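Q:
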Amino acid sequence: MDYEVPKEFGFTEDKIFGWVMENEEFCLYVLRIILLFLEIREIVEFNKQDSLGNDQRESKDIRLDIKVVDKDGRIFDIEMQTSPSRYLGRRLRYYQSTIDGAKVLKPGHDYYELPDTFIIFLCSFDPSEAFSKVDKRAVHFFKTIDTKDHALELIDGATKVIINSKGDFTGESKELKELAKLMNNEEVSLNEHFIWAQKRIKELNQDRRSDIMDYEMKIMDARISGREDGEKVGEKRGKEIGAKIATRAGVKKLIGVLIDLSLDVKTIFIKAKNEYGQYFSDDELKQFIAEAKTDSLQEA
1 MDYEVPKEFG FTEDKIFGWV MENEEFCLYV LRIILLFLEI REIVEFNKQD SLGNDQRESK
61 DIRLDIKVVD KDGRIFDIEM QTSPSRYLGR RLRYYQSTID GAKVLKPGHD YYELPDTFII
121 FLCSFDPSEA FSKVDKRAVH FFKTIDTKDH ALELIDGATK VIINSKGDFT GESKELKELA
181 KLMNNEEVSL NEHFIWAQKR IKELNQDRRS DIMDYEMKIM DARISGREDG EKVGEKRGKE
241 IGAKIATRAG VKKLIGVLID LSLDVKTIFI KAKNEYGQYF SDDELKQFIA EAKTDSLQEA
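Going by the UniProt record's numbering, the sequence shown opens with residue 1, and the numbers climb by one from there.
Dropping the structure here:
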């Protein structure tokens with residue numbers, strides 16, 4: 001299938017999302033309208049995924065799309081999700097373990113020192129297949145609760161938020177509705193924040209379009225090339241074996257391209273899992289990544 005280049009890359013595109021959200025004022029605004037009850041005052045630490053690209057990438061597999069820390073020490077992770085998956089909950093669990101893993105408690109320290117965390121998935125699709133039942137509401141907050149008494153909550157400091165830009169925003173704020181419009185590539189004009197974001201997206205499409213296209217095309221080429229490699233082998237070794245080799249070739253090709261793009265290990269793993277998670281276990285995908293990085297270092 002040919003890759004159709006969009007007339008304009010929107011807010012949900014990887015690069016666009018990162019470049020727009022790196023504006024701390026807009027990032028803080030987005031956090032405030034999603035987590036209105038927290039009264040977030042100030043961002044004191046800001047980390048963006050593609051600020052990586054050094055020789056220590058092997059030890060940097062905890063990088064997140066947009067991770068910020070506020071004045072009260074709370075950690076916020078904002079992730080753009082564009083690939084539907086019934087394993088979205090497990091992906092959230094993985095992100096939670098990633099954040100907690102970066103805060104390893106040393107001897108003499110207590111569990112209360114673990115910060116409150118808020119993981120936010122902005123989904124450009126209906127995530128209902130990841131739920132125990134279909135739910136078309138646009139905004140979901142998940143906590144750890146007792147299965148017999150849903151009013152009984154385990155105070156573990158972890159909150160997970162899923163926003164479905166295609167969902168039902170009845171009863172939600174006009175700001176959240178506007179955020180959904182931005183995610184859906186619709187015109188926004190509610191206030192200066194959204195007007196700025198839309199203007200910034202247009203500027204990036206003019207000034208950085210070639211960079212975005214190069215990034216997107218390399219990933220697409222890797223997918224296509226991997227399938228073609230498998231199909232050729234399949235002609236010689238039978239459809240069933242060929243299909244297995246096709247997916248293996250495809251995931252390895254994709255991983256190789258992502259390494260060439262200087263993406264971190266965690267991002268590579270997530271993208272590989274999105275494309276090939278139904279065929280390979282997490283351990284297999286991690287092994288493919290380790291092998292590809294070793295080959296890359298040897299070639300260098």
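Backbone N, C-alpha and C fix where the C-beta goes; we use that ideal spot for every residue, glycine too. These numbers come from a predicted model, not from an experiment.
How big is the Cα-Cα spacing for V251 and D168?
A: Position 251 of the sequence shown, counted from the first residue, corresponds to residue 251. Position 168 of the sequence shown, counted from the first residue, corresponds to residue 168. Cα to Cα, the separation comes out at about 36 angstroms.
Q: Can you tell me which of V30, V69, R32 and L38 puts its alpha carbon nearest to the alpha carbon of F46?
A: Residue 46 sits at position 46 when you count from the first residue of the sequence shown. Minimum Cα distance to F46 is reached at V69.
Q: Under 8 angstroms between the Cβ atoms of Y111 and L105?
A: Indexing the sequence shown from 1 puts residue 111 at position 111. Indexing the sequence shown from 1 puts residue 105 at position 105. Yes, the Cβ-Cβ distance between Y111 and L105 is below 8 angstroms.
Q: Could you tell me whether the Cβ atoms of K293 and I270 are closer together than 8 angstroms?
A: Locating residue 293 in the sequence shown gives position 293, where the first residue counts as 1. Locating residue 270 in the sequence shown gives position 270, where the first residue counts as 1. Cβ atoms of K293 and I270: not closer than 8 angstroms.
Q: Whole angstroms are fine: how far does the CA of K7 sit from the CA of P107?
A: By 1-based counting over the sequence shown, the position of residue 107 is 107. By 1-based counting over the sequence shown, the position of residue 7 is 7. P107 and K7: Cα-Cα distance of roughly 55 angstroms.
Q: Just tell me which of G101, Y29 and G73 has its CA closest to the CA of V44.
A: Reading the sequence shown from its first residue, position 44 is the one you call residue 44. Checking every option, the nearest Cα to that of V44 belongs to G73.
Q: What beta strand (DSSP E) runs, 3 residues minimum, are completely inside the region 102-180?
A: 117-123, 139-142 and 158-164
Q: Which first and last residues belong to the alpha helix (DSSP H) in which N205 is found?
A: One-based indexing of the sequence shown puts residue 205 at position 205. From DSSP, the alpha helix (DSSP H) with N205 extends over E192 to D207.
Q: Between which two residues does the alpha helix (DSSP H) containing F9 stretch?
A: Residue 9 sits at position 9 when you count from the first residue of the sequence shown. Where F9 is concerned, there is no enclosing alpha helix (DSSP H), given that its DSSP letter is neither H nor E.
Q: Does the beta-carbon of I78 have 16 or more other beta-carbons within 10 angstroms, so that it is buried, or is it exposed?
A: Position 78 of the sequence shown, counted from the first residue, corresponds to residue 78. Here I78 is buried: its Cβ has 16 or more other Cβ atoms, across all protein chains shown, within 10 Å.
Q: Residues in its own chain within less than 6 angstroms of F142 by CB, not counting five upstream and five downstream?
A: As a working mapping, residue 142 is identified with position 142 in the sequence shown. Same-chain partners within the cutoff: K160.
Q: Cβ atoms of R32 and K71: under 8 angstroms apart, would you say?
A: As a first step, residue 71 is located in the sequence shown; it is residue number 71 there, counting from the start. As a first step, residue 32 is located in the sequence shown; it is residue number 32 there, counting from the start. Result no, Cβ atoms of K71 and R32 do not sit closer than 8 angstroms.
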